[in-house]
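Peer 1: Reminder that position 1 of the sequence shown reads as 0 in numbering that gives the first Met the number 0, one-by-one numbering, no gaps. Cβ atoms here follow ideal geometry from the backbone N, Cα and C, with glycine treated the same way. Just so you know, these numbers come straight off a predicted model, no measurement behind them. Quick one: the structure is below, questions incoming.
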Amino acid sequence: MNLGKKICETRKLKGYTQEELAELSKVNLRTIQRIENSNNVPRGKTLDLICDVLQLDKTDLQNVDKSAQNNRIGALLINGIFLIILNFAITLSIVFLTAPLEATINSKFGAVLLSFFIPFSIFYYTQKMKATERIFKFGVGWVIYLVTILYAQGFRGACATGFTTWIFSCILIYFGVLFYGKVLFKSEK
Numbered sequence: 000m001n002l003g004k005k006i007c008e009t010r011k012l013k014g015y016t017q018e019e020l021a022e023l024s025k026v027n028l029r030t031i032q033r034i035e036n037s038n039n040v041p042r043g044k045t046l047d048l049i050c051d052v053l054q055l056d057k058t059d060l061q062n063v064d065k066s067a068q069n070n071r072i073g074a075l076l077i078n079g080i081f082l083i084i085l086n087f088a089i090t091l092s093i094v095f096l097t098a099p100l101e102a103t104i105n106s107k108f109g110a111v112l113l114s115f116f117i118p119f120s121i122f123y124y125t126q127k128m129k130a131t132e133r134i135f136k137f138g139v140g141w142v143i144y145l146v147t148i149l150y151a152q153g154f155r156g157a158c159a160t161g162f163t164t165w166i167f168s169c170i171l172i173y174f175g176v177l178f179y180g181k182v183l184f185k186s187e188k
C-alpha cells in the first residue's frame, strides 16, 4: 500500500470527504485528490497538516511509502533476472540448432522458424510496449552473443561462421519481427 492509498483509507474510516479533509487541513482540494490518486507525494507542512487532521503518525506514513518503494525495487530485480534468463534461453536455443557444423538443413530451418515465432509471440504479449524498448529487453542475449563471437573469432571468423550456420539470418529475422511486429500483426480494436 502506498502513502496516497493509506491517506484515502484513513480519511474514509474517519468519515471525511475529500472536501472536508481539505477544509480541515487547510490544504487545497486538488492537492488532496492528487495525493490520494498517487500523483503527488505530500511532504513537509502538507503532510503535517493532513496527519494532524487524520490523527496519523507521520513516521508510520513514511514507512508505508518506503515499504512500497522496496517492493517496487524487488519486483524490478526479479523481472531483470527473468529477462536475462529468458534472453539467454532464446539465444542458446536458436544457436544450438544452427551453430554445429554438422547441423542439418532441417535444424537450420527450425531455427529460422523459431527466430520468427518466438519474437512474434513476444510481440503479441507486449503490443503496448515501444519497439525500441522491446528490442532492448528481449534482444540483449543476441547482442552479448555477437560481441562474444566477435571477440573469440575476430571479424572475419565471426562473419564466416555467421553466414555458413545461418545464425545471421536468424538474428535479422528475430530483430525484424520484434521491431516491425505491428506490420505483421494487425489487431482489431
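Is Gln152 helix, strand or coil by DSSP?
Peer 2: helix
Peer 1: By the three-class DSSP mapping on this structure, what secondary structure does Leu82 have?
Peer 2: helix
Peer 1: For Ile189, collect the residues of the same chain with a Cβ closer than 6 Å to its Cβ; drop the 5 residues on either side in sequence, then sort them by chain order.
Peer 2: Here the chain covers residues 0 to 188 and nothing more, so residue 189 does not appear.
Peer 1: Is Lys188 helix, strand or coil when you go by DSSP?
Peer 2: Any reading at Lys188 must be qualified, since the residue scores a pLDDT of 47, below 50, and its modelled position is unreliable; the value itself is stated next. DSSP places Lys188 in coil when its eight states are reduced to three.
Peer 1: Indicate whether Val111 and Ser168 have their beta-carbon atoms separated by less than 8 Å.
Peer 2: yes
Peer 1: Decide yes or no for the touch test of the stretch 18–33 against the stretch 47–56: beta carbon pairs closer than 8 Å, at least 3 of them.
Peer 2: yes
Peer 1: Phe184 and Tyr123: beta carbons closer than 8 Å?
Peer 2: yes
Peer 1: Which stretch, first to last residue, makes up the alpha helix (DSSP H) that contains Pro118?
Peer 2: From DSSP, the alpha helix (DSSP H) with Pro118 extends over Ile104 to Tyr124.
Peer 1: Since Gln32 is in the alpha helix (DSSP H), which residue starts that stretch and which ends it?
Peer 2: Start and end: Leu28 to Glu35.
Peer 1: To the nearest angstrom, report how far apart Thr9 and Gly140 are at their CA atoms.
Peer 2: 47 Å
Peer 1: Are Leu82 and Lys136 close, meaning C-beta to C-beta below 8 Å?
Peer 2: The Cβ-Cβ distance between Leu82 and Lys136 falls below 8 Å.
Peer 1: How long is the line joining the alpha carbons of Lys127 and Thr103, rounded to whole angstroms?
Peer 2: 38 Å
Peer 1: Assuming Glu18 and Leu28 make a contact with CB atoms under 8 Å, what is their CB distance in whole Å?
Peer 2: 6 Å
Peer 1: Determine whether the Cβ of Thr160 lies closer than 8 Å to any Cβ atom of chain C.
Peer 2: Among the protein chains of the structure shown there is no chain C, as only one such chain exists.
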